[in-house]
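J.: I have a structure here, written as structure tokens, and I will follow up with some questions on it.
Protein chains: 2
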Amino acid sequence: MSDQDPLVLFMPSGKRGHFPVGTPILDAARELGVYVESVCGGRGICGRCQVAPEFGRFAKHKIESTPENVSDWSAKEARYVEKRGALKEGRRLSCSATVQGPLVIDVPADAVINQQTIRKAADTRLIDRNPAVQLCYVEIDEPDMHKPLGDLDRLKDALEAEWGFEDLLVSQHLMPLVQKTLRAGKWGVTAAIHKDLESSRPTMIALWPGLKNEAYGIACDIGSTTIAMHLSSLLSGETKASAGTSNPQIRFGEDVMSRVSYVMMNADGQQAMTKAVRDAINDLITQVCEQADVEREDVLDSVFVGNPIMHHLFLGIDPTELGGAPFALAVSGAVHTWASELNLDMNEGTRVYVVPCIAGHVGADAAAATLSEAPDKADEHTLLVDVGTNAEIVLGDKHGALACSSPTGPAFEGAEISCGQRAAPGAIERVRIDPKTLEPRIRVIGAEQWSNEDGFAEAVESTGVTGICGSGIIEVMGEMFLAGIIDADGVIDGSLAAGNPRVFADGRTYSYRLWETEGGPDIVVTQNDVRAIQMAKAALYAGVKLLLAKHGNTSVAKIKLAGAFGTFIDPKYALVLGLVPDCEVENVKAVGNAAGTGARMSLLNRDHRRDIETTVRKIEKIETALEADFQMHFVNAMAFPNKVDPFPRLEMQVPLPKPKVLETVGGGASRRRGGRRRG
Amino acid sequence: MSDQDPLVLFMPSGKRGHFPVGTPILDAARELGVYVESVCGGRGICGRCQVAPEFGRFAKHKIESTPENVSDWSAKEARYVEKRGALKEGRRLSCSATVQGPLVIDVPADAVINQQTIRKAADTRLIDRNPAVQLCYVEIDEPDMHKPLGDLDRLKDALEAEWGFEDLLVSQHLMPLVQKTLRAGKWGVTAAIHKDLESSRPTMIALWPGLKNEAYGIACDIGSTTIAMHLSSLLSGETKASAGTSNPQIRFGEDVMSRVSYVMMNADGQQAMTKAVRDAINDLITQVCEQADVEREDVLDSVFVGNPIMHHLFLGIDPTELGGAPFALAVSGAVHTWASELNLDMNEGTRVYVVPCIAGHVGADAAAATLSEAPDKADEHTLLVDVGTNAEIVLGDKHGALACSSPTGPAFEGAEISCGQRAAPGAIERVRIDPKTLEPRIRVIGAEQWSNEDGFAEAVESTGVTGICGSGIIEVMGEMFLAGIIDADGVIDGSLAAGNPRVFADGRTYSYRLWETEGGPDIVVTQNDVRAIQMAKAALYAGVKLLLAKHGNTSVAKIKLAGAFGTFIDPKYALVLGLVPDCEVENVKAVGNAAGTGARMSLLNRDHRRDIETTVRKIEKIETALEADFQMHFVNAMAFPNKVDPFPRLEMQVPLPKPKVLETVGGGASRRRGGRRRG
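In the order they appear, the protein sequences are chains A and B.
Using the numbering used here, the first residue of the first sequence is number 1321, and each one after it goes up by one.
Using the numbering used here, the first residue of the second sequence is number 1321, and each one after it goes up by one.
Shown next, in the form of structure tokens:
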């Protein structure tokens, strides 16, 4: 290009350059690094390369862009419209429209398919798109007896000549299909090329006759409790469907350690659990494909994350070594394999990428969350916490990051809590306690009203009020502390029992009666429940303290709470109880399923895979079990923070409902409590 | 190294260099490019790196090599001998013995395992060894909670640090085995690394606890009629076992074209034949492993060759396109895949390499034969001919080579010949005809005596004399021509019938009665038989002429006859009949199963794979069907060469046996002939 040639400006990137008259706009974009997709290689049949020339005097850029400065509507474009339907007003196919003079070219958002908005619980982000699988349409020479190169060999030559793939490997299952596909496509075919690592040769993994203009990928987060999956277009980045299911391994053990025990006790335990999780994943693939009306053969790439034990069981690896010190991972690095190797039912050539694990207790899910939330790239000191049976904690900034896992136990998930339960309709998720009357109001999953609002009774009629879920436990503990029912040491104040029936002697200690229902057991918070939460939050806090100390810091600027627990708890109560260190409340954010977001990022952009692989190697791993200070931090963190309520109390705007449940307090309640003790 | 350092001379290569005192001899060898194997990486436990220091004054090389100039017997060597038994007299472990002064080091033939003698029918050759699979023993760090790198990741690090394998891929099936193997080996394991193409990342394909000091590969030639397999040590190159079996596809069709027809007529025809050939290969693997007392899991690499249709059916590819013009190969380039992809039962990580095809009628077998016989690298003009239903012909010298296939039909294999049969006990393979009496003598497969020698009758008692095999047909035709029974145009001279009962009227033409047995049909050579052989030899010769013309030459200096046909025919008769162009008879050589030799070369040295891949691309392919001159050459080649017997006649040293079979000539023989005509 020379300065004498017309200037072309691409928006919104602002990239610009001079191009000779006659240059296709697509070529100009590519030369400037403006990403415009194309499947058909400029043949004007895929329609992926649309742009919108803008006309007028752009004084700031010193360009006068006129309709004469772009080539006339071409026969190629006319044929496209005839076959595939009209383009949006003002759009051109950039492979066909050429530069005839100075131009301003808008690359529309729906065509800038290298960037895709992913909406998350707390924020919105763009994922640059650079997927590991690319569709490439080519037309190849017919067979020639004078040059008896095989059909596949000529196809490879065309892919090298038109798309630059040298030394292409070919998935074995395609060998028997090549000839029929080429003939069905009348020597025009679309190949799916997998190119992930720069050091690996690209591989042809699928082949269709004619133009194939869409391909999909799945991102899957294998949680101990729930498996979640998203189906995304690899060409637009758009999320087409999402689904989740319970992890069927639960029947072998509620938490991961009991699943490891199951493997140790049963000869085929690992095989059974591996099969269970893969079957569930196959079911989810069916679900997301049905939702989006997509053939499962069109799913060409996949990314999986999970904690180390889920990771191993998914890959068919015995997790026994993770059950005890030194918690040796069989493999910590990223795993690249084929879906067929794992009996996953997608296209026969579909690849699997498994995000690397950070350490024996800090898995691929934590790595993916780190990719998503990037505490290791933050300007300010950032804490990322994903709470499960273990809390996975990453702390850092752009100068370095540390990670550890802290044995919080299952209390935060509602286990080990007398009235705890999993998040499900009927579970208490929100609690407010009047500090004067100690009267509670609650909100229940599945009902929109607070318990003091009209319609509550009707709303919970079908489910009842059945227990307290994880976020509800945090709230009730926080409210009990704020209302003075428990003191800083976590003791339920028995002296209140005399003046208020909500607090009552329960053996040698006291309990708080949160809710009573006819026919069901009381929902109470016992001294043991408080102790369990204290232990859990002390473990979490001690882990954070350990990382802070290792990092040479005492405070954090931002806290990101990941995962279901992080999403549903109110950050205020996390601060009230001292789950996390002091921080401005507005800087404590729930970031949703950050692991799932990281998985989707890895699906849509292979650069993110390299990024997290590098990050995982760089993160300093702290094994809490080996740290002498951990126990000290733990003991110090048992107490609740000694401070006043930092938040303006919610006004009790509506009168408390008539405490009808109290009417039945008498023998019935005692009987039910007695019953529970016997249970 | 500096000139001040002691000089070390390696024999027999003569490579030499100066090395500091204390340099291990293995390191000196490696630095000079003298290939000495090592599995254990210099730990003194594999014993593969043995050398023999030689002592004395080597005046020519100006070296005085003394026992003091090599280090004393080491603790490492003592431990090796204690554990594995004594070394041969004078041998040292080169990883342990060091340079202490000027030395002459002999690398013994049994340790020069980069070179292996392969004995062939006609010559003996060395194959430089550089297999695609390498065994590497490593010791890895135990797991460390402070550095929670996975077990597999630490293993990969060790393989990179000790053996230089960067970015190692790992076969998925090893993932679940790594931890148990490392622990079983007490953190010492042997990995099998597959590294074939430079452009592909090396892959770990197998793993054993402790030191694994042997691995094997198979080379397999899939013929339409016979499948032949060799089992070789990848570490010594030695051939451990060989076996062959009939190709079970014969039940779907005797020749390749009838098998293509079967596929076209039967929906699951290709699948059935693919399964048949793979099953047969699996049976052969069982056989060679049993012969050599080798576990099939220790077979880690494999190479396959075959004609294009065998090649396609083996790979599971429908060969229909090869059944008609333009004879399009699905894939012509080399195929790299996994044994498990082809349902071949070896180690789960075993690789498959399939030699490239040259053209639609010139297959991987011809390519392998070209690798073995290297007509494309010859100083003199060399012709390589492999005769089957098609003759595959390669002609060339170091300036260039051409290849074609010529449709000889099955006559050379005994089909289309009235008394033709496959080579089997009872078949006539050698014939001599007395030019005066026209009396024949024959030799039969399974009998050592000529028919005029004592013991012949007893030797053929169990089998009888049942027909004429391919090489016998060439001989009887040649002898009939030399004896004047047929003229240069191939006409059986009816005028002889009057004076000799051996020649008799047979319908409108004449036949020659070669043999008569009681109870069986006469073995006769008919005019049609002569015509069939004329057609076949004309096709072969026309192909050669075409290549000669294309190459701008009229003669060849060397002729190599490959395959079973080439092995068993007497080159003299090939010249007599004009199967091949004129050439000094001593320059016409049977080279045995050159395709099988080429397969073994590819197995033992991946450089040979690159070599044949390059060669195949460079060879000029001639499609006879497209060449106007082919028909002319064909017509011109129908006649037998117009010349006198170039060979001294074999003396009929023993009197001809009493022609007892003639005693039964009367009605019986006529009846049998009549019977044949009706059949």
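Glycine included, C-beta positions come from ideal geometry on N, C-alpha and C.
Is the Cβ of B:I1637 closer than 8 Å to any Cβ of chain A?
T.: At least one chain A Cβ lies under 8 Å of B:I1637.
J.: Using a Cβ distance threshold of 8 Å, determine whether the segment 1529-1549 of chain B contacts the segment 1610-1621 of chain B, with at least three qualifying pairs required.
T.: As far as the Cβ criterion goes, the segment 1529-1549 of chain B touches the segment 1610-1621 of chain B, which means the pair count is three or higher.
J.: Using a Cβ cut-off of 8 Å (strictly closer), state whether B:F1824 contacts chain A.
T.: Not one chain A Cβ lies under 8 Å of B:F1824.
J.: Can you list, in chain order, the residues of its chain with a C-beta nearer than 7 Å to that of B:P1755? Leave out the 5 residues immediately preceding and following it.
T.: Only L1802, A1803 and G1804 meet the Cβ criterion.
J.: So, is the C-beta of A:H1701 closer than 8 Å to a C-beta in chain B?
T.: No, A:H1701 lies away from the interface with chain B (no Cβ there is under 8 Å from its Cβ).
J.: Check whether the Cβ atoms of B:T1690 and B:I1942 lie closer than 8 Å to each other.
T.: No, Cβ-Cβ distance for B:T1690 and B:I1942 is not below 8 Å.
J.: Going residue by residue through the segment 1607-1669 of chain B, where are the continuous alpha helix (DSSP H) segments of at least 4 residues, counting only ones entirely within it?
T.: With a minimum length of 4 residues, the continuous alpha helix (DSSP H) runs that stay inside the segment 1607-1669 of chain B are 1628-1634.
J.: Does the distance from the CB of B:I1794 to the CB of B:Y1893 come in under 8 Å?
T.: A contact, by the Cβ cut-off of 8 Å.
J.: Contact defined as beta carbons within less than 8 Å: I believe B:P1344 pairs with B:C1415. What is the distance between those atoms, to the nearest angstrom?
T.: Sure, about 6 Å apart at Cβ, within 8 Å.
J.: Give the straight-line distance between the Cα atoms of A:V1371 and A:Y1355, rounded to the nearest whole angstrom.
T.: Approximately 11 Å between the Cα atoms of the pair.
J.: Quick check: is the beta carbon of B:T1934 nearer than 8 Å to any beta carbon in chain A?
T.: Output row for B:T1934: interface = no.
J.: By the three-class DSSP mapping on this structure, what secondary structure does B:I1542 have?
T.: B:I1542 falls in the strand class under three-state DSSP.
J.: For the segment 1689-1709 of chain B against the segment 1881-1892 of chain B, are there 3 or more C-beta pairs whose distance is under 8 Å?
T.: Yes, the segment 1689-1709 of chain B is in contact with the segment 1881-1892 of chain B.
J.: I'd like to know whether the C-beta of A:T1846 is nearer than 8 Å to at least one C-beta of chain B.
T.: Cβ-Cβ to chain B under 8 Å: no for A:T1846.
J.: Is the beta carbon of A:N1907 sitting closer than 8 Å to the one on A:K1938?
T.: Not closer than 8 Å, so no.
J.: Give the single residue among A:L1423, A:R1399 and A:N1389 whose Cα lies nearest to the Cα of A:K1335.
T.: The option with the nearest alpha carbon to A:K1335 is A:L1423.
J.: Among all the DSSP beta bridges, which residues are the ones paired with B:K2003?
T.: The requested residue 2003 of chain B is not part of the displayed model; chain B covers only 1321 to 1999.
J.: Do A:V1580 and A:P1639 have their beta-carbon atoms positioned less than 8 Å apart in this structure?
T.: Yes. Within cutoff.
J.: Kindly list, in the order they appear in chain A, the residues whose Cβ is closer than 7 Å to that of B:R1521.
T.: Residues of chain A passing the Cβ test: S1519 and S1520.
J.: Any C-beta of chain B sitting closer than 8 Å to the C-beta of A:D1927?
T.: With 8 Å as the cut-off, A:D1927 does not count as an interface residue toward chain B.
J.: Closest to A:T1545 by CA distance: which of A:R1474, A:N1627, A:L1488 and A:I1605 is it?
T.: Ranking A:R1474, A:N1627, A:L1488 and A:I1605 by Cα distance to A:T1545 puts A:N1627 first.
J.: How about A:T1594 and A:G1636: are their beta carbons less than 8 Å apart?
T.: Yes, they are a contact pair.
J.: Return the bridge partner residues of A:V1453 from the DSSP annotation.
T.: Paired residue(s): A:H1514.
J.: So who's on the other strand from B:K1756, going by DSSP bridges?
T.: According to DSSP, B:K1756 bridges with nothing at all.
J.: Quick one: grab the DSSP three-state call for A:N1913.
T.: Reduced to three states, the DSSP call for A:N1913 is coil.
J.: Whole angstroms are fine: how far does the CA of B:H1381 sit from the CA of B:M1331?
T.: When rounded, the distance between both Cα atoms is 11 Å.
J.: According to the neighbour-count rule (16 or more other Cβ atoms, all chains shown, within 10 Å of its Cβ), is A:L1976 buried or exposed?
T.: Note that A:L1976 scores 34 on pLDDT, short of 50, meaning its location in the model is unreliable; the coordinates nonetheless yield the value given after this. Looking at its Cβ environment, which holds fewer than 16 other Cβ atoms inside 10 Å, A:L1976 is exposed.
J.: For a contact meaning CB atoms closer than 9 Å, what does A:E1943 contact in chain B?
T.: Neighbours of A:E1943 on chain B, chain order: M1465, H1466 and P1468.
J.: Run the CB neighbour count on B:H1719, radius 10 Å, all protein chains shown included, and call it buried at 16 or more, exposed below.
T.: Exposed, by the Cβ-count rule.
J.: Of the residues that make up the segment 1498-1514 of chain B, which ones have a beta carbon closer than 8 Å to any beta carbon in chain A?
T.: Those would be V1498, Q1499 and K1500, in chain order.
J.: Please report how far the alpha carbon of A:L1329 lies from the alpha carbon of A:D1516, in whole angstroms.
T.: Cα to Cα, A:L1329 sits roughly 32 Å from A:D1516.
J.: Might you give, ordered along the chain, the residues of its own chain that have their beta carbon closer than 6 Å to the beta carbon of A:I1460, omitting 5 neighbours on each side?
T.: Excluding sequence neighbours, A:I1460 sits near R1474, L1475, A1478 and W1507.
J.: Just reading off the beta strand (DSSP E) that B:H1338 is part of, what are its end residues?
T.: Segment R1336 to H1338, the beta strand (DSSP E) holding B:H1338.
J.: Along the segment 1640-1655 of chain A, what residues have a CB closer than 9 Å to any CB found in chain B?
T.: Here the close residues are T1640, E1641, A1645, P1646, F1647, A1648, L1649, A1650, V1651, S1652, G1653 and V1655.
J.: Please list, in chain order, the chain A residues whose beta carbon lies closer than 8 Å to that of B:G1680.
T.: Correct list: M1465 and P1468.
J.: So is B:M1958 in contact with chain A if we call contact Cβ pairs under 8 Å?
T.: Taking Cβ atoms only, chain A never reaches closer than 8 Å to B:M1958, which makes this a no.
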